[in-house]
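Asker: Sharing a structure, written as structure tokens. Questions coming.
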Amino acid sequence: MNVAIREQQTQTRNKIHPLLFATLLGCVSITMMFMAWTSAYIVRQSAGNWLEFRLPTIFFINTAVLLLSSVTLHSSYFFFKRKKEQLYKGLLVLSLLLALSFLAMQYIGWQQLFDMGVALDGNPAGSFVYVLSGFHALHIFAGVAVLIVALIHAFALKFNVSPKRKLRFKLTLVIWHFLDFLWLYILTFIILQS
Amino acid sequence: MAATNLVKPDYDPALLIEEQGYEDHFHDHHHGDKYQSSFITHYIFSQDHKIIAKQFLITGIFWAIIGAAMSIIFRLQLGFPEESLAWLKPLLGKWITVNEAGIGTLDPQFYYALVTMHGTILVFFVLTAGLSGTFSNLLIPLQVGARDMASPLLNMLSYWFFFLAGVVMFASLFLSTGPFSGGWTAYPPLSILPQASTGSGAGMTLWTVSLVLFVVSVLLGGINYITTVLNLRTKGMTMWRLPLTIWAFFVTAIIGLLSFPVLASAFFLVIFDRELGTSFFLSDIYVGGEALDRVGGSPILYQHLFWFLGHPEVYIIILPAMGLVSEVLSVHARKPIFGYKAMVYSILAIAFLSFIVWAHHMFMAGVNPFITNIFVVFTLIIAVPSAVKVFNWITTLYGGNIRFNSASLFAIGFVSMFISGGLTGIFLGNSAIDIQMHDTYFVVAHFHIVMGIAAFFGMFAGIYNWFPKMYSRFMNETLGKIHFWGTFIGAYLIFWPMHYLGMAGVPRRYYSFEGFDAFSHFDDMNKFITVSAIIVFGLQILFVVNFFYSIWKGKKVTSKNPWGATTLEWTTPITPGHGNWPGKIPVVHRWAYDYGKDGNEYIPQVLPVSEDESEAH
Ligand code: HEM
Ligand SMILES: [Cu+2]
């Protein structure tokens, strides 16, 4: 190959921002953690002595809440870029409220599970549901912290669509969408397996 | 190829960089000095990758001394059970029992604790953090032409999580019930039931906490390494121009990113079983004649999860060593690495295969024999890319104008160790042979030679070679050579006899063979191994002395590129400051292995390809 052409090829630099890329890698490693649990689930389930039960409906309602929060956060980002300050802030607050209600409703879901007779220290079928949804909730907690930081940025700093703040918001968005995706993965997995 | 005819470069690469480097306005902002102004921010909470590398290295050395000293203590008990260990009482206290005759022996419980700690410390703290942490940090930004890591903050956190993991593990050594004693693999039920043994109580709790912190450290580091390699390469540095060190660190980080979270998953389930009464890994257990009410779990499940990390982990340990060795061999043989692309593809192949062979650690655990056969096949296939690498190293050396110094000797020693240990891996990989060999000293010999010693050799090669870049001084060559020859011969003397022990069926992790008549003729061999181990330990102390002495008193480096190497780190000032290059960052025009090309002794990566040059990479 011609040296000059090769030289030019080598100068096209990566377009994705390094921090965004690093965030995505973090998502990959968290996914691996959950995939380990779901694989363990399959292995353990195939060994028999497995309790069959239905998830309480609230977990499905909750899924809608979480998906909605992703939509509101994404719209907030959309309006942020278009300099619609009020919509941006309002939707951001709404997203946080939805996130908090997701956590509260997961807690109610666990109580209903427990009342059904599915305890954490009972049959592993139940323990796995608690582990999967519990660790997901822990990650949502972290996600809520990220949202709160975004909120502080929104209300404490002067409104300004700078590249830096766009990037920050984008990272928040990616993290939040990922947590959504993670929950969908867990839920579909549990449904398909039972 | 006669070296005398080759032309040494008569230009200064630093000037080349000033002429046609890339201006990124790094030094306009002075953000470097902001967090480097005080002693604390410079040396302790530093975000500079070069300092963080030294922190990883010195912490690693600290742990290596502790871990190795532990092995000497349990080897003394094993090799010389009749001799008195009473002199260790000031150090070990109640773990030494002195009988009426005044003979002190090591408490069996503590023997297991020492074996467990030795394994955990060496595998995770020394050969993972100390090796990959040190050299990924030092070399990735320097060799890809970056100012620092993608996220210096996460990088700093990575070190401090490692440090914290160390503090917790260290604290567990002083528990009155002793540290965890169920083996570095932490199989249940020993790792779950506090009543199983003394170390399974608080010792195991601290062990899990420590390792969860450690996983966080590895992930933060790995995310940074991958991002930096993919996003922060300088102009002209294509993936196919990366030095093999970087390829190795890069792939290592990917393996870690995919496998360490799985280990964390396993540990979290262990924690649930321990603290919250679940039964993921427990079933049908009798303690003191009474059935435990915890049923429904599967201890094999833990083994699957553990070895899904555990096997990739051994490659996380060896790949960085392979990368360092490839680079050191090429530099000191003054020849391009043979089969560069084959080297890269074999790293990728090994990485891929490492994820589908884990059950070869479980041949004897009651896994379905059909599945076992599949794992046998994949396991044996790993020998192919491994052999490719070995052939390429040997071919790189062949006909080279080799400089025999401490760095290159350790690199050559690595190749020898990797061959010896790899061959026994092929025995073990056959499940039929493994029926006899599993959990014997044969396995101990296998993995110490192929992983323990080989990875240490890679690390030593790296330290001797890059010490001038780290501390602007050389290590003492004479001491280095004594260190090499003593360790090389000594390591074989320790581990070669273990193969025979293993073939005779001597089990590993036993406190004493007193009750086994069949093994009584091995007493002398065990003494021999212990004596060799003590001598080799002494030689490592020599290394540590040389290391610290040379930091302050070593021969000063007087030129930027003492080894005549092509890679970018040798174009920085002798003591590189924050941001690595004082002005522009270098632009790369060729691969890293132009040695002896077109009559040139070597050509740095920053030199543009000239019109009349033969084919350039
Ligand atoms: C040709 C390549 C290799 C093959 C076929 C192979 C095969 C095996 C097998 C089958 C075992 C299990 C033995 C048993 O417990 O009964 C084993 C153990 C082990 N191997 Fe290898 N191995 C190879 C290379 C390596 C390398 C390169 C490393 C590390 C750098 C390594 C590290 C280990 C370790 C640490 C263990 C023991 C773990 C333990 O039980 O504590 N092996 N190997
Ligand atoms: Cu393995």
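Which chain is which? The protein sequence lines are V and Z, in order.
One point on numbering: in the working numbering, the residue at position 34 of the first sequence is 34, and numbering is uninterrupted.
One point on numbering: in the working numbering, the residue at position 12 of the second sequence is 12, and numbering is uninterrupted.
Quick reminder that beta carbons are idealized off the backbone N, C-alpha and C, glycines included.
All figures in this text were calculated on a predicted structure; none of them were measured in a lab.
(1) Closest by CA to aspartate 148(Z), which one among Val609(Z), Pro576(Z) and Ile603(Z)?
(2) Return yes when at least one heavy atom of ligand 1 lies under 7 Å from the C-beta of leucine 263(Z), else no.
(3) Any idea if tyrosine 159(Z) is buried or exposed, counting beta-carbon neighbours within 10 angstroms, 16 or more meaning buried?
(4) Any Cβ of chain V within less than 8 Å of the Cβ of lysine 94(Z)?
(5) Going residue by residue through the stretch 97 to 149 of chain V, where are the continuous beta strand (DSSP E) segments of at least 3 residues, counting only ones entirely within it?
(6) Give the DSSP-derived three-state secondary structure of lysine 34(Z) in the structure shown.
(7) Let me see if you follow: with CB-CB separation under 8 Å, is isoleucine 551(Z) close to chain V or not?
(8) When the cut-off is 8 Å and only beta carbons count, does histidine 304(Z) lie next to chain V?
(9) Would a check of beta-carbon distances place alanine 142(V) closer than 8 Å to chain Z?
(10) If you measure between the beta carbons of glycine 277(Z) and aspartate 115(V), is that distance less than 8 Å?
(11) Can we count valine 123(Z) as close to ligand 2, meaning its CB is less than 7 Å from some heavy atom?
(12) Less than 6 Å between C-beta atoms, sequence neighbours within five positions excluded: which residues of the same chain meet that for proline 13(Z)?
(13) Closer than 7 Å between beta carbons: that is the criterion. Which residues of the stretch 243 to 264 of chain Z meet it against chain V?
(14) Quick check: the Cα distance between asparagine 392(Z) and phenylalanine 352(Z), rounded to an integer number of angstroms?
(15) Cβ-heavy atom distance between histidine 311(Z) and ligand 2 below 7 Å?
(16) Less than 7 Å separating the Cβ of valine 129(V) from some heavy atom of ligand 2?
(17) Using a threshold of 7 Å, is the CB atom of methionine 498(Z) nearer than that to any non-hydrogen atom of ligand 1?
(18) When you compare only the Cα positions, how much space is there between leucine 106(Z) and tyrosine 441(Z)?
(19) Between the stretch 118 to 132 of chain V and chain Z, which residues of the former have a C-beta closer than 7 Å to a C-beta of the latter?
(20) Just to make sure I have the definition right: I need the residues of chain V whose C-beta is within less than 9 Å of the C-beta of serine 330(Z). Which are they?
(21) Less than 8 Å between the C-beta atoms of valine 251(Z) and leucine 139(Z), yes or no?
(22) Please return the same chain residues whose Cβ sits closer than 8 Å to the Cβ of leucine 182(V), not counting the five positions on each side in sequence.
(23) Three Cβ pairs or more, each shorter than 8 Å: is that satisfied between the stretch 538 to 551 of chain Z and the stretch 472 to 487 of chain Z?
(24) If you reduce the DSSP assignment to three classes, tell me which class lysine 560(Z) lands in.
(25) On the criterion of 16 or more Cβ atoms from any shown chain inside 10 Å, does tyrosine 595(Z) qualify as buried, or is it exposed?
(26) Report the partner residues of leucine 106(Z) according to the DSSP bridge assignment.
(27) Can you check whether the C-beta of serine 95(V) is within less than 8 Å of a C-beta belonging to chain Z?
(28) Classify glutamate 52(V) as helix, strand or coil using the three-state DSSP reduction.
(29) Report yes or no: do three or more beta-carbon pairs, one from the stretch 125 to 133 of chain V and one from the stretch 143 to 160 of chain V, lie closer than 8 Å?
(30) Is isoleucine 585(Z) helix, strand or coil when you go by DSSP?
(31) Find the residues of chain V that neighbour isoleucine 223(Z), judging by a C-beta separation of less than 7 Å, and give them in chain order.
(32) Going along chain Z, which residues have a C-beta under 7 Å from proline 56(V)?
(33) Heavy atom of ligand 1 less than 7 Å from the Cβ of methionine 451(Z), yes or no?
(34) Could one say the Cβ of glutamine 8(V) lies closer than 8 Å to chain Z's Cβ atoms, at least one of them?
(35) Distance check for glycine 425(Z) and tryptophan 240(Z), CA to CA, integer angstroms please.
(36) Is it the case that the CB of serine 181(Z) approaches a heavy atom of ligand 1 more closely than 7 Å?
Answerer: On the basis of the data shown:
(1) Nearest of Val609(Z), Pro576(Z) and Ile603(Z) to aspartate 148(Z), Cα basis: Pro576(Z).
(2) False, no ligand heavy atom lies under 7 Å from that Cβ.
(3) Counting of Cβ neighbours within 10 angstroms places tyrosine 159(Z) among the buried residues, the total reaching 16 or more.
(4) Look at lysine 94(Z): its C-beta is not under 8 Å from any C-beta on chain V.
(5) List check, beta strand (DSSP E) in window: nothing returned.
(6) For lysine 34(Z), the pLDDT reaches just 48, beneath the cut-off of 50, and the residue's location in the model is therefore unreliable, leaving the point undetermined.
(7) Answer no: the Cβ-Cβ gap between isoleucine 551(Z) and chain V never drops below 8 Å.
(8) Look at histidine 304(Z): its C-beta is under 8 Å from a C-beta on chain V.
(9) It does not: the Cβ of alanine 142(V) has no partner Cβ on chain Z nearer than 8 Å.
(10) In this structure, aspartate 115(V) does not lie closer than 8 Å to glycine 277(Z) by Cβ.
(11) Checking every heavy atom of ligand 2 against the Cβ of valine 123(Z), none is found closer than 7 Å.
(12) If we look at proline 13(Z) and ignore the five residues flanking it on each side, its Cβ neighbours are Thr571, Pro604 and Val606.
(13) Within the stretch 243 to 264 of chain Z, the residues whose Cβ lies closer than 7 Å to some Cβ of chain V are Leu257, Leu258, Pro261, Val262 and Ala264, listed in chain order.
(14) If you take the alpha carbons of asparagine 392(Z) and phenylalanine 352(Z), they lie about 20 Å apart.
(15) It does: the Cβ of histidine 311(Z) is within 7 Å (strictly closer) of some heavy atom of ligand 2.
(16) For valine 129(V), the distance from the CB to the nearest heavy atom of ligand 2 is not below 7 Å.
(17) No - ligand 1 has no heavy atom lying nearer than 7 Å to the Cβ of methionine 498(Z).
(18) If you draw a straight line from the Cα of leucine 106(Z) to the Cα of tyrosine 441(Z), it comes to about 21 Å.
(19) Of all residues in the stretch 118 to 132 of chain V, those with a C-beta nearer than 7 Å to a C-beta of chain Z are Leu120, Asp121, Asn123, Pro124, Ser127 and Val131, reading in chain order.
(20) The premise fails here: serine 330(Z) is roughly 22 Å from chain V at the closest Cβ pair, so nothing lies under 9 Å.
(21) With contacts defined by Cβ atoms closer than 8 Å, valine 251(Z) and leucine 139(Z) do not form a contacting pair.
(22) Same-chain partners within the cutoff: Ile30, Thr31, Phe34, His136 and His139.
(23) Yes: at least three Cβ pairs fall under 8 Å.
(24) Note: lysine 560(Z) maps to coil in three-state DSSP.
(25) Buried, by the Cβ-count rule.
(26) DSSP lists Ile96(Z) as partners of leucine 106(Z).
(27) At a cut-off of 8 Å, the C-beta of serine 95(V) has no neighbouring C-beta in chain Z.
(28) Coil, per DSSP.
(29) The stretch 125 to 133 of chain V, when compared against the stretch 143 to 160 of chain V, does not touch it at the 8 Å Cβ threshold.
(30) Residue state, collapsed to three classes: strand.
(31) The answer, in chain order, is Ala22, Leu25 and Gly26.
(32) Among the residues of chain Z, none has a CB under 7 Å from the CB of proline 56(V); the nearest is roughly 20 Å distant.
(33) Yes.
(34) Residue placement at glutamine 8(V) is poorly supported in this model, since its pLDDT is 34, which falls under 50; the coordinates are not used for a value here.
(35) Taking the straight line joining both Cα atoms gives about 31 Å.
(36) Result no, Cβ not under 7 Å from ligand 1.
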